[in-house]
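First the structure, in the form of structure tokens, and then the observations on it.
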Amino acid sequence: MNVVDYLRISLVDRCNFQCLYCMPEGAKLDYILQQDLLTNSELLTLLKEVLIPNGFTRFRLTGGEPLLRPSVVELVEHINQLPQTQDLSLSTNAFLLADLAQDLYDAGLKRVNISLDSLDERTFGNIVGGTTQRIGKTRWQQVWAGIQAAHQVGFDPLKLNVVVIPGVNDHEVLDLAALTLERSWHVRFIEFMPIGNGDLFGDRGWLPSAEIRQSIRDRWGLTPGQVVGNGPADVFQIPGALGTLGFISQMSECFCDRCNRMRLSADGWLRPCLLNEHGQIDLKTALREGVSTPVLRDRVRDLLCLKPEINYKGRDSGTGTGHYSRTMSQIGG
Ligand code: SAM
Ligand code: SF4
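Note that my numbering has the sequence shown beginning at 24, numbered continuously upward.
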């Protein structure tokens with residue numbers, strides 16, 4: 024049986040972007056109230072007394088946008104100092120990264136994944152939506168500054184995630200892949216999933232990794248590659264390139280049998296499968312109601328045993344509608 028040792032921890036469900044593919048267009052999301060967010064102390068208690076004893080040793084901080092959590096640097100420091108932590112990483116849109124990169128690195132974070140869906144400022148603006156600007160920079164310029172800062176402070180590997188949407192950014196696949204030629208960055212192409220903005224998915228569909236890979240192969244050729252923490256990505260390299268290319272093909276390939284992860288939402292729900300709402304446990308409420316951590320530990324142990332049955336494996340989400348009732352930003356993508 025697969026070892027489940029990887030936990031994606033959502034620090035906040037809110038975001039300063041509203042990516043086309045992640046958030047339902049025009050819809051008002053029900054955000055978690057401040058008092059319902061796990062506090063730092065609750066999160067650390069759950070890690071130390073419930074989750075780590077069940078074998079979780081590798082953690083990714085995500086969201087929503089995790090850099091919106093005011094105590095993100097402090098949390099990195101605490102989690103990094105836990106003796107059982109074998110790996111700690113962060114997924115971010117990088118809008119706030121330029122100012123935080125050094126502090127995060129000094130606190131013990133050594134690798135980051137950054138969403139970058141376009142190199143064109145206008146396309147990027149259309150994808151991430153909103154009007155947020157900082158210190159006279161456009162959103163793309165601010166994100167690019169965050170990526171440069173991440174590179175300069177030494178995050179390694181530095182991964183850039185691209186969700187490919189037909190008719191939106193698929194014409195940029197070669198330009199994005201070319202970033203790896205002279206930089207030791209790792210560009211990962213992610214198949215668009217019908218989660219978040221179902222209407223956009225219905226209109227545009229998704230592009231299989233095999234097609235994206237073929238267009239890159241036709242241009243430069245491709246050889247197998249390697250990168251630390253590749254998870255479900257198939258990794259390749261353009262011959263002679265400094266960086267690598269990853270392909271995450273959750274639509275064209277079911278990797279449920281290899282699934283090594285669970286997700287902890289910002290309001291403390293432990294979720295065994297991204298696409299299936301069955302089985303999740305409300306750890307925060309239980310903790311606040313005084314359920315002891317040894318009892319919670321047993322509940323998580325039982326959930327781990329059930330995970331192979333709960334895994335989605337191409338089934339309906341269990342909601343009966345075929346639509347996933349939460350977005351990636353709410354679940355902690
Ligand atoms: N805000 C951070 C970011 O954008 O990296 C972290 C949270 S975001 C939900 C995590 C990842 O989920 C991003 O790489 C994003 O591209 C991906 N994602 C969100 N909605 C998706 C969808 N419908 N299909 C595929 N990937 C999606
Ligand atoms: Fe925010 Fe990340 Fe979702 Fe974009 S993908 S809206 S940056 S949570």
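C-beta atoms are modelled at their ideal positions from N, C-alpha and C, and glycine is treated no differently. Computed from a predicted structure; not experimentally measured.
With a cut-off of 8 Å on Cβ pairs, the stretch 27-42 is in contact with the stretch 79-92, counting three or more such pairs.
In this structure, the ligand SAM has no non-hydrogen atom nearer than 6 Å to the beta-carbon of residue 29. For residue 33, DSSP records a beta bridge to 85. Straight through space, the alpha carbons of residue 246 and residue 269 are spaced by roughly 12 Å. Nearest in C-alpha terms to residue 333, of all of 315, 290, 285, 321, is 285. For residue 116, the distance from the CB to the nearest heavy atom of the ligand SF4 is below 6 Å. Exclusion of residue 79 from the 6 Å shell around the ligand SAM follows from its C-beta lying no nearer than that to any non-hydrogen atom of the ligand. Ranked by how close their Cα comes to the Cα of residue 223, the residues 213, 262, 42, 121 have 42 in first place. Between residue 183 and residue 139, the gap from beta carbon to beta carbon is short of 7 Å. DSSP places residue 305 in the strand class (E or B) of the three-state scheme. In the DSSP assignment, residue 112 is bridged to 83, 134.
Residue 240 carries a helical assignment under DSSP once its states are collapsed to helix, strand and coil. For the beta strand (DSSP E) assignment, the uninterrupted runs of no fewer than 3 residues enclosed by the stretch 213-299 are, from N- to C-terminal side, 257-260, 267-271, 284-287, 292-294. Taking non-hydrogen atoms of the ligand SF4 into account, the C-beta of residue 48 is found less than 6 Å away from none of them.
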